[in-house]
Amino acid sequence: MITLFILLFYQPARAVSTDLKPVHLRTEYKTNPVVDAAKPRLSWELTSATRGQLQTAYQIMVASSPALLAANKADFWNSAKQAGSATHQIEYAGKPLPARAVCFWKVRSWDKTGQPGAWSAPARWEMGLLDKADWKAEWIGNDLTALGKGKTYHLPPAPFFRKETNLKGPIKRARLYVTSLGLYEFQINGKRVGNDHFVPGWTDYNKRVYYQTYEVTSHLKAGKNALGAIVAEGWYAGYLGYALLIGNPVVKSFYGDVPLLKAQLEVEYGTGERETIATDQTWKTTHGPILEADILNGETYNANLEFEKWSETGYVDTKWKNSTVYPDKPERKLEVYPGNQIQVFQELKPKTVTLKSGGRYLFDLGQNFAGVVRLHVKGHKGDTIRLKFGEMLFPNGEIMTENLRKARATDTYILKGAKDGETWTPKFTYHGFQYVEATGFKTAPGLDAITGIVLSSATPLAGSFETDNPLINKLYQNIVWTQRSNYFDIPTDCPQRDERLAWTGDAQAYVKSATFNNDIAAFFTKWLVDLNDAQRADHAYPLYAPAPNVRKTDTYSPGWSESGIVCPYIIYKTYGDTRVIRKFWPNMVAYLAFMQAKSKGEFVYKERSFEDISPKGGYGDWLSVGKKTPPDLLASLYYGYTASLMAEMARAIDKPDEAVYYEGVFDQIKQAFLKQYTDETGKFKTNQAAYGDGEGYVIEGKSGFDGHTQTAYANAIYMHMLTPEHTQKAGNWLMDLIKENDHKLATGFLGLKPLLPALSSTGNSQEAYRLLLSTEYPSWGFEVVNGANTIWERWNSYIKGKGFENNSGMNSFNHYAFGSVNEWLFGNAAGIKVGEAGYKTVTIRPEIASEGINSVKATYHSINGMIESGWKKSGSNLTVQITIPVNTSATVFIPTTQPATVLESAKSLKTNPAILVNEFKDGYLQLEIGSGKYQFTSQN
Ligand code: BGC
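As numbered in numbering that gives the first Met the number 0, residues 0 to 939 make up the sequence shown, in order.
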């Protein structure tokens, strides 16, 4: 097909060179980053005004200085002209790169006619510290655990560290390499270094910890300089998850007791001489204003204990003591942070502030989100402002905090009485909230007393989605806000209660949806390490990762553990990333072997196969409504699905034998599934009696199990578990079940994602639209009409006029799992579907709503460039707007009842050399196009 394309669009070489130009150069998914991969992967995108433009070859140059690069003296690597269309995942193949090497690079591409384009603008990357021997710094700490006394929460103060140093002469370059076990904020000469929060991020600190690298040349001067750091317990030593709630024997300090700092400042002088200032016992330490700092429980700050100018030179630290040096764990790796750091996304001004009884003030920030607030207050020394955070209000207007469970989520500020007022932002905690209840104001605060600071992992924006229907637009915005709130170093389930764990089931159900909103390649590069670090000794992937021991009975569950296969697969498919497959291949193989052993050679899980885990059977179709899908039936579907993904991934990394093997396993699972879970007509069934009265099974298990459910059919169709004939039958039963259910969905976490895609693929996309547009319980629209501005954990988390249910159990208002409909919005409503991995090819097949929506427009910035698909109905006219990036070919399906009326830019398709017309089938005219912007019109 691709060759055909090249032939079709081949034009004789002209003397003029092409306008093909590489832009958006990145290394390891980031712009000008610091990396520690020995062979960093390079990528670029291409621009050109020519339709159907392709890259036929490229050349990369990497040099040790901008001047050498400009002079085409590629002393690190000159790839020479490489034939091919690859523009991403290209491994550096030059000289071995030492630690700290700065690499400047550029690329040019040859177009479809064989003309070379201009060189790109230069980009760069820098190598980090590659080896523990590169580290001179020691782990230093200040054991304050004895000060952490409290009835329920044992929260010690945060230690401060400082060091003064004399730098000799003009400084050419300086880098700060810094990390902590716990969280840190680093300052140089009184100024915070970097814009990152919650550094160095959450990992299994027994196995690895990441470090950050900052360019700090401009922070320093010749002569005296001061370095300072504040360290808090964070994920390392603070409270985690629901350990306290469920009475776990350990509630905090899952990795260690004392938070530690490790930092080294490396200075290179104009003379070429180098100097390193590294943490050691000579760093002075004490504790001061930060009395408590805990992610879940909040921060307490006494401004009267501040040390003015403590991270500047000349501060008298005679009362501070020396730091304690702590031994390193030799097996703990120190690596460059591979993800996107948490940063401030935006600030929010309160919409209202209202006086409540007892002198309380309630601020409404207008949006539920994850982050903190900046407090601005003027008052007397010793006045104490206490801030409580909630997502919702009770119908009586009071803030609802029961759903935080044991997360205290309270910030406290004790004023010093500064005459012009004082401003404070906590550093080491965050909350999930829209409302802030403040006590302690002596005079009525204005709206400027509180500013919302939205925090999120800085995953680059990738998509947009808009229709002419406000309900759907609101739903989309709610999905985006929920992803923003929960892609927080790891993909958390929710940002507010005492949980905030990266539940694997939620992650796998939503990952594909997430790809459309943001570029999550780096974010998942990081989390997939966490997930594999947390793989259990029996090779099952865990329920959440990182996986501290917050509840003894938390083991694994079908539908959750498969995250270890599904997430790498989606990252591969979306970004063409085969490294992720290679890296975790042995772990994934071991997981499949575990699942195989669990099926006892039968290739299917019969009823009660997972009785031994907690909850019995696993989490199943968590939070579904109505009849329950047997967890073993679902586990069998997932087993088949993961085997098929393994086969595809094996092919992608050139393991044809293993591909054949997993294809064989997939076939056997399909057959065994049919035998076990379908009757002679292909209808799904289960042996209900085997489950007894459902006691001990997932919540509501008592309402009985049935194989004939929306969730069962939707998953089987989505996972290609059935023959074409059975797929259609399953589609019909799915349709019957939805009709019987008064056109309402009944699915939970596992059933929801495939529901609309399964309807679409079996010819029922109008029913998918009907579910999407519904405002009755249970539906997305029901949440929207009940006031949601994020996605809720339960369809009925809050009902106007009725209030809440289940607050003290689980009632999160910021839970992305039910946002997995995003996959359908982009993939079906707008019709953007990945073909060859990395959007090398793409299918555009929009599904047109017969009512309720008259236009859809989606943009998606793929790794190959910008893809756009939009449609608009007016009367019998339909317009379809499509953009395909350079170097990408698309199969496009134009919806029409009259194929002869289809025009592009008002011209007949036949006369259009950029368009290849294929067949007309099922109400779509199928075309092949290359890059460019297209406007199709048709009469219907
Ligand atoms: C979490 C979920 C998670 C579940 C396990 C809940 O408490 O919030 O999102 O997947 O437990 O079923």
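All residues carry an ideal CB built from backbone N, CA and C; glycine is no exception.
The structure presented is a predicted model; accordingly, all values stated were derived computationally and were not measured.
N- and C-terminal bounds of the alpha helix (DSSP H) containing residue i
i	result
residue 566	562-574
residue 843	Looking at the DSSP string, residue 843 is not in any alpha helix (DSSP H); the run it does join, the beta strand (DSSP E), is 840-843.
residue 656	655-676
residue 783	779-784
residue 759	748-760
residue 592	578-597
residue 646	630-651
residue 767	764-772
Whole-angstrom C-beta distance between residue j and residue i, which should lie under 8 angstroms
i	j	result
residue 630	residue 619	4 angstroms
residue 204	residue 260	About 14 angstroms separates the two Cβ atoms, so there is no contact after all.
residue 84	residue 53	6 angstroms
residue 44	residue 864	4 angstroms
residue 167	residue 221	7 angstroms
residue 426	residue 187	No, residue 426 and residue 187 are not in contact; Cβ-Cβ is about 16 angstroms, not under 8 angstroms.
residue 265	residue 173	7 angstroms
residue 428	residue 294	6 angstroms
residue 752	residue 508	5 angstroms
residue 342	residue 431	Not really, about 17 angstroms apart at Cβ, beyond 8 angstroms.
residue 181	residue 258	3 angstroms
residue 756	residue 822	7 angstroms
Contacting residues, own chain, Cβ-Cβ under 8 angstroms from residue i (five flanking each side not counted)
i	result
residue 316	161, 283, 285 and 309
residue 923	844, 892, 893, 894 and 895
residue 146	155, 156 and 286
residue 634	557, 558, 604, 608, 609 and 617
Cutoff 7 angstroms; reference residue i; Cβ partners in own chain excluding five residues on either side
i	result
residue 250	238, 242 and 243
residue 913	50, 51, 928, 929 and 931
residue 4	Because residue 4 sits at a pLDDT of 41, beneath the cut-off of 50, its placement in the model cannot be relied upon, and the point is left open.
residue 645	564, 587, 591 and 661
residue 12	Confidence is the limiting factor: at residue 12 the pLDDT is only 41, short of 50, which leaves the residue's position unreliable and the question unanswerable from this model.
Run of the beta strand (DSSP E) containing residue i, from where it starts to where it stops
i	result
residue 325	323-325
residue 171	170-180
residue 60	56-62
residue 464	462-466
residue 213	207-214
residue 477	Looking at the DSSP string, residue 477 is not in any beta strand (DSSP E); the run it does join, the alpha helix (DSSP H), is 469-485.
residue 410	409-413
residue 369	359-376
residue 737	Careful: residue 737 lies outside any beta strand (DSSP E), inside the alpha helix (DSSP H) at 723-739.
residue 917	914-920
residue 108	101-109
residue 351	351-355
residue 262	259-268
residue 163	158-166
residue 293	289-293
residue 453	449-456
residue 394	Unbroken run through residue 394: none, as it is neither H nor E.
residue 894	888-894
Close Cβ partners of residue i (< 6 angstroms) along its chain, the five nearest in sequence each way excluded
i	result
residue 925	892, 917 and 918
residue 510	566 and 569
residue 683	676, 677, 706, 707 and 711
residue 422	375
Any heavy atom of the ligand BGC within less than 7 angstroms of residue CB: hits in chain order: Taken from the N-terminal end onward, the list reads 492, 493, 498, 502, 504, 505, 542, 559, 618, 621, 748, 792, 809, 811, 814 and 816.
Is there contact between the stretch 391-411 and the stretch 449-459, where contact requires at least three CB pairs shorter than 8 angstroms? Contact between the stretch 391-411 and the stretch 449-459 is absent: fewer than 3 CB-CB pairs across the two stretches fall below 8 angstroms.
On the three-pair Cβ rule with 8 angstroms, is the stretch 110-126 touching the stretch 190-198? With a cut-off of 8 angstroms, the stretch 190-198 and the stretch 110-126 do not count as touching, because too few Cβ pairs lie within range.
Across the stretch 481-500 and the stretch 353-373, are there enough close Cβ pairs to call them in contact, namely three or more that are closer than 8 angstroms? As far as the Cβ criterion goes, the stretch 481-500 touches the stretch 353-373, which means the pair count is three or higher.
Quick one: any contact between the stretch 738-749 and the stretch 436-455, if contact means 3 or more CB pairs under 8 angstroms? Too few Cβ pairs lie closer than 8 angstroms, so no.
Validate contact between the stretch 388-408 and the stretch 799-818 using beta carbons, cut 8 angstroms, 3 pairs: Three or more Cβ pairs drawn from the stretch 388-408 and the stretch 799-818 lie within less than 8 angstroms of each other, which places the two stretches in contact.
Give a yes or no on contact between the stretch 689-697 and the stretch 608-622, applying the rule of three or more CB pairs nearer than 8 angstroms. Result yes; three or more Cβ-Cβ pairs closer than 8 angstroms.
Please confirm if the stretch 651-663 is in contact with the stretch 573-584, defined as three or more CB-CB distances below 8 angstroms between the two stretches. Yes: at least three Cβ pairs fall under 8 angstroms.
For the stretch 844-857 against the stretch 522-542, are there 3 or more C-beta pairs whose distance is under 8 angstroms? Short answer: they don't touch.
Is there contact here, the stretch 756-770 with the stretch 642-651, by at least three beta-carbon pairs under 8 angstroms? In short, these stretches do not touch, since the Cβ pair count stays below three.
contact_flag[the stretch 720-730, the stretch 590-601] where n(CB pairs < 8 angstroms) is 3 or more: Contact annotation: the stretch 720-730 does not touch the stretch 590-601, with fewer than three C-beta pairs closer than 8 angstroms.
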